[in-house]
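> Here it is, the structure in full.
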Amino acid sequence: MATSAKNTATRASAKPPNAPKIPQPAGPSTEGEVLVAPGGETHQQADGPATQLTTNQGVPIGDNQNSLKAGARGPVLLQDFILREKIMHFDHERIPERVVHARGSAAHGFFECLDSCADITAADFLQRPGERTPLFTRFSTVAGNKGSADLPRDVRGFAVKFYTQQGNFDLVGNNIPVFFIQDAIKFPDLIHAAKQDPDREFPQAATAHDTFWDFISLTPESMHMIMWAMSDRAIPRSLRMMEGFGVHTFRLINAAGDSTFVKFHWRPKLGAQSVVWDEALKINGADPDFHRRDLWEAIEGGDFPEWEFCLQTFTQEQADSFDFDVLDATKLIPEEVIPLRVVGRMVLDRNPDNFFAETEQVAYCASHVVPGIDFTNDPLLQGRLFSYQDTQLKRLGGPNFHQIPINQPKCPFHNLQRDGHMQMGVPKGQVNYEPSSLGEAVARESLETGYQTFPNPEAGEQLRLRPETFADHYTQARLFFASQTKPEQDHIVAALVFELSKCVTPRVREAVLSRLVHIDAFLAQSVAEGLGFPGQIVPAPAPIPAKDMEPSPMLSLLAKAAPTLEGRKIGALVSDGCDDKLVAKLKAAVEAAGAKLQIIGPTIYGVTTASGAVLPVDHKIDGGPSVLFDAVAILPSDDGGEQLAMEAAAVNFLRDAYGHLKVIAYLPSAAPLFAAGGIVDVGPDDDAGLIALPGARVDDFIAAASAGRIWAREPLVRPPPKPLVAAA
1 MATSAKNTAT RASAKPPNAP KIPQPAGPST EGEVLVAPGG ETHQQADGPA TQLTTNQGVP
61 IGDNQNSLKA GARGPVLLQD FILREKIMHF DHERIPERVV HARGSAAHGF FECLDSCADI
121 TAADFLQRPG ERTPLFTRFS TVAGNKGSAD LPRDVRGFAV KFYTQQGNFD LVGNNIPVFF
181 IQDAIKFPDL IHAAKQDPDR EFPQAATAHD TFWDFISLTP ESMHMIMWAM SDRAIPRSLR
241 MMEGFGVHTF RLINAAGDST FVKFHWRPKL GAQSVVWDEA LKINGADPDF HRRDLWEAIE
301 GGDFPEWEFC LQTFTQEQAD SFDFDVLDAT KLIPEEVIPL RVVGRMVLDR NPDNFFAETE
361 QVAYCASHVV PGIDFTNDPL LQGRLFSYQD TQLKRLGGPN FHQIPINQPK CPFHNLQRDG
421 HMQMGVPKGQ VNYEPSSLGE AVARESLETG YQTFPNPEAG EQLRLRPETF ADHYTQARLF
481 FASQTKPEQD HIVAALVFEL SKCVTPRVRE AVLSRLVHID AFLAQSVAEG LGFPGQIVPA
541 PAPIPAKDME PSPMLSLLAK AAPTLEGRKI GALVSDGCDD KLVAKLKAAV EAAGAKLQII
601 GPTIYGVTTA SGAVLPVDHK IDGGPSVLFD AVAILPSDDG GEQLAMEAAA VNFLRDAYGH
661 LKVIAYLPSA APLFAAGGIV DVGPDDDAGL IALPGARVDD FIAAASAGRI WAREPLVRPP
721 PKPLVAAA
């Protein structure tokens with residue numbers, strides 16, 4: 001038996017007998033000799049120590065294709081440490097996903113200070129214009145699990161880790177400036193209600209169910225956030241076209257110890273843009289990684305996303321003059337009241353090298369601040385200061401999660417903490433305490449440069465009590481709805497109708513209507529009509545009646561949108577025999593506008609143009625639907641137009657582009673597609689988004705597409721179930 005075992009081990013480590021070389025295709029990935037064994041498996045051979053496969057202990061591996069067995073067809077031996085190590089590591093490759101913000105995308109970049117903030121903060125990274133600070137930014141959805149799609153109706157996380165010379169500063173925010181609740185003690189209830197029902201584990205990444213809306217109907221403080229969540233803000237076109245907010249009121253402390261309140265804002269260079277709801281549903285089917293792919297490809301292509309970093313600062317006296325409490329996270333300060341101060345910019349210029357090591361293991365903690373930035377008594381913020389760090393202990397294995405490379409500060413850091421689960425360092429010396437008189441170079445505190453908390457006087461009884469200044473739940477919700485354009489208001493109505501129609505309990509729907517009526521009677525009545533609610537809306541009690549405020553255009557995506565095609569994608573549907581000169585002209589115009597042109601054809605191997613050249617395509621028609629593009633061009637040959645009209649995917653390409661209000665350039669040869677799609681008796685004279693070529697110029701198409709969607713078309717393609725009549 002000893003001889004048999006030895007022989008088996010010897011054979012396992014030797015080259016397969018009579019193993020011929022396998023012919024290799026040309027390319028940089030074919031280095032090293034390749035052998036084939038009698039069993040048919042491939043054995044690629046290392047060409048030197050640099051490519052030698054080893055165990056985690058550095059032991060060279062001779063066969064990575066077969067387990068160690070007692071005989072070729074015998075049982076696998078427990079002594080196969082290579083197998084055990086490989087399987088053990090695989091079994092533990094997944095860590096607990098985040099309870100919220102599980103699905104994320106991230107990138108490396110830098111922050112550049114543009115305006116010294118020494119007048120209001122001692123934060124080192126905000127002192128010197130032109131100085132750059134490395135950072136890592138993660139975007140995420142809130143409710144969905146890690147494997148959900150990118151475009152549910154949901155809040156988006158917007159978290160930035162600044163690796164400053166005074167330590168890491170984590171600005172952990174959202175793409176919406178307010179939140180659902182006022183006190184962190186309600187956060188578990190909110191998330192439990194929003195996530196999948198615990199008895200059935202669905203719906204995934206959706207709030208359109210009874211438990212969420214039941215909670216909302218009983219939590220009137222949520223109504224402002226509900227207006228934002230039901231708006232187009234919750235279905236962004238791209239992570240690159242999304243605003244970010246710190247949500248809470250923070251303090252800035254300058255070198256003299258003076259305090260200034262601040263709210264943090266991120267404004268995208270490409271402008272903020274969203275999709276429409278039907279488009280979001282189809283994007284999730286066509287490409288569930290739509291946002292993730294868009295961010296990755298933009299950075300890989302050198303189109304680095306950029307945001308302005310803005311501060312909204314105000315004094316204690318100004319805070320006292322507001323008719324709301326700045327410690328209430330369900331409230332915002334209109335930009336018309338306190339303008340934004342642009343102090344820096346963020347540029348994302350490098351994709352992660354490894355998704356798990358960086359995007360998945362990055363640990364953002366609201367408590368990670370640097371000297372010059374301090375907290376306020378916002379009760380939601382105060383709870384986050386505990387919760388985020390506590391979460392990392394579970395997800396990342398223990399108290400040493402800060403030693404993971406993506407979480408490590410890039411400035412010198414040392415302390416007297418020792419040991420613990422997953423300790424990666426090897427601390428030296430006898431002393432792990434202070435004060436001490438033993439040892440040299442022991443870490444000490446610094447009164448001069450150390451973090452100083454603002455000495456805000458506090459007094460009061462210990463109470464579980466919410467202040468009366470938090471009690472106005474409807475005024476700012478009314479402000480937001482009143483500040484939207486007509487299409488945006490219609491979308492909020494439609495979103496509420498859709499979500500509430502998924503609730504099976506009538507009481508839940510009626511309770512939400514009883515809250516909406518305090519925001520806007522027209523809004524509530526429109527939702528009631530959309531639901532077919534047969535009764536009268538009975539208003540819920542309101543401790544403080546909603547007040548009218550001057551509308552804030554800055555709260556509307558459309559009201560402040562500037563014409564642009566920068567960072568967008570145009571899709572051109574072509575066929576054999578298409579005009580390659582026209583396609584080339586369109587491509588040049590699109591790229592000059594800062595956008596990308598992608599070609600869609602009947603097959604992935606391209607089309608033969610009128611000149612006989614082969615035009616490569618980026619997508620086969622059914623793999624490149626129009627939902628992936630911001631505007632489209634339909635450019636087939638005469639025969640191609642007839643053939644495309646017989647393909648459902650091509651017809652849907654045009655039909656969806658029209659239904660999603662996109663600008664469409666087209667040739668006369670596209671007429672069969674229009675007929676098959678039911679788009680008849682309409683042309684450029686009726687619809688500014690239909691650009692007839694070659695009569696119109698390509699530049700006309702670029703100008704129209706830069707202006708955005710054709711909102712005047714929406715009532716024709718998505719009419720309300722009944723005419724909306726304002727309530728008396």
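The numbering of the sequence shown is our numbering, which starts it at 1 and goes up by one. The beta carbon of each residue, even a glycine, is placed where N, CA and C say it ideally should be. Predicted, not measured: the structure shown is a model, and the values here were computed from it.
Tell me whether Thr137 is buried or exposed, calling it buried when 16 or more other Cβ atoms sit within 10 Å of its Cβ.
Its Cβ being crowded by 16 or more others within 10 Å, Thr137 is buried.
> For a quick check, are the C-beta atoms of Asp150 and Arg251 less than 7 Å apart?
no
> Does the Cβ-Cβ distance between Gly450 and Gly439 come in under 7 Å?
With respect to the 7 Å criterion, Gly450 and Gly439 are not classified as neighbours on the basis of their beta carbons.
> Which residues does DSSP list as the beta-bridge partners of Asp579?
The partner list for Asp579 (beta bridge, DSSP) is empty, contrary to what the question assumes.
> Which first and last residues belong to the beta strand (DSSP E) in which His265 is found?
Looking at the DSSP string, the run of the beta strand (DSSP E) that includes His265 is 259–268.
> What three-state label does DSSP hand Gln423 in the structure shown?
coil
> Quick check: the Cα distance between Glu461 and Glu221, rounded to an integer number of angstroms?
Those two C-alpha atoms are separated by around 24 Å.
> To which residues of the same chain is Arg515 closer than 7 Å at the C-beta, ignoring the five residues directly before and after it?
Scanning its chain for C-beta atoms nearer than 7 Å, with the 5 sequence neighbours on each side dropped, one finds around Arg515 the residues Ser217, Pro220, Met223, Ala540, in chain order.
> Between Glu300, Leu380, Val59, which has its C-alpha nearest Leu327's C-alpha?
Per the Cα distances, Leu380.
> Among Asp622, Val632, Ala584, Phe261, which has the Cα closest to the Cα of Val614?
Ala584
> Look up Ile710 in the DSSP assignment and say whether it is helix, strand or coil.
coil
> Report the rounded CA-to-CA distance for Gln643 versus Ala649, giving the unit in angstroms.
Using only the alpha carbons, I get a separation of about 12 Å.
> In chain order, which continuous runs of the alpha helix (DSSP H) of length 4 or greater are located wholly inside the region 534–617?
580–592
> Considering only C-alpha positions, which residue in the set Gly612, Pro602, Val651, Asp170 is nearest to Lys620?
Pro602
> Taking 7 Å as the limit between beta carbons, can you name the residues of its chain near Lys560, skipping five residues before and five after?
Pro553, Met554
> Would you call the region 582–601 and the region 621–635 touching, i.e. three or more CB-CB distances under 8 Å?
At 8 Å Cβ cutoff, the stretches touch.
> Would you list, in sequence order, the uninterrupted beta strand (DSSP E) runs of no fewer than 3 residues that lie entirely inside the region 141–199?
The DSSP assignment places complete beta strand (DSSP E) segments of no fewer than 3 residues inside the region 141–199 at 156–164, 167–174, in order along the chain.
> If you reduce the DSSP assignment to three classes, tell me which class Ala37 lands in.
coil
> Does DSSP put Tyr658 in a helix, in a strand, or in coil?
helix
> Comparing alpha-carbon positions, which option in Gly677, Trp307, Thr453 lies nearest Ala372?
The sequence given here has Gly at residue 372, not Ala. Residue Thr453 is the option with its Cα nearest to Gly372.
> Which partner residues does Pro236 have in the DSSP bridge list?
Pro236 has Ser274 as its beta-bridge partners, per DSSP.
> Let me know the secondary structure DSSP gives Ala329 once reduced to three states.
coil
> Output needed for Gly571: all residues of its chain with C-beta closer than 7 Å, excluding positions within five of it in sequence on either side, in chain order.
Gln598, Ile600, Gly624, Ser626, Leu628, Phe629, Val632
> Quick one: is Glu279 buried, meaning 16 or more other Cβ sit within 10 Å of its Cβ, or exposed?
Classification of Glu279: buried, given that the 10 Å Cβ count is 16 or more.
> Is it the case that the Cβ atoms of Ser637 and Val607 are separated by a distance below 7 Å?
It is not a contact, given that the beta carbons lie outside the stated cut-off.
> Touch check for the region 221–240 and the region 490–498: three-plus C-beta pairs under 8 Å?
yes
> Please confirm whether His291 and Leu239 have their CB atoms less than 7 Å apart.
yes
> Run through DSSP, which three-state label would Ala366 get?
coil
> Can you tell which of Val247, Ala206, Thr211 has its C-alpha closest to the C-alpha of Gln225?
Looking at the sequence itself, residue 225 is Met, so the reference to Gln does not match. Of the listed residues, the one whose Cα sits closest to Met225 is Val247.
> Considering only residues of the same chain and omitting the five flanking positions on each side of Gln312, which have a CB-CB separation below 7 Å?
Val262, Lys263, His265, Ile333, Ile338, Leu340
> Should Gly672 be labelled buried (16 or more other beta-carbon atoms within 10 Å of its own) or exposed?
Note that residue 672 is Pro in the sequence shown here, rather than Gly. Pro672 comes out buried.
> Could you have a look at Ile406 and say whether DSSP puts it in helix, strand or coil?
If DSSP states are grouped into helix, strand and coil, Ile406 belongs with the helices.
> So which of Tyr666, Asp63, Asp115, Met422 has the shortest CA-CA distance to Gly695?
Tyr666
> So Ala205 packs on Asp258, CB below 8 Å; how close in whole Å?
About 45 Å; that fails the 8 Å criterion.
> Hey, how far is the Cα of Leu729 from the Cα of Ala542?
Because residue 729 is not part of the residues shown, which for the chain are 1 to 728, the question remains open.
> Thr475 lies in the beta strand (DSSP E); which residues open and close that run?
From DSSP, Thr475 is part of no beta strand (DSSP E) but of the alpha helix (DSSP H) over 475–482.
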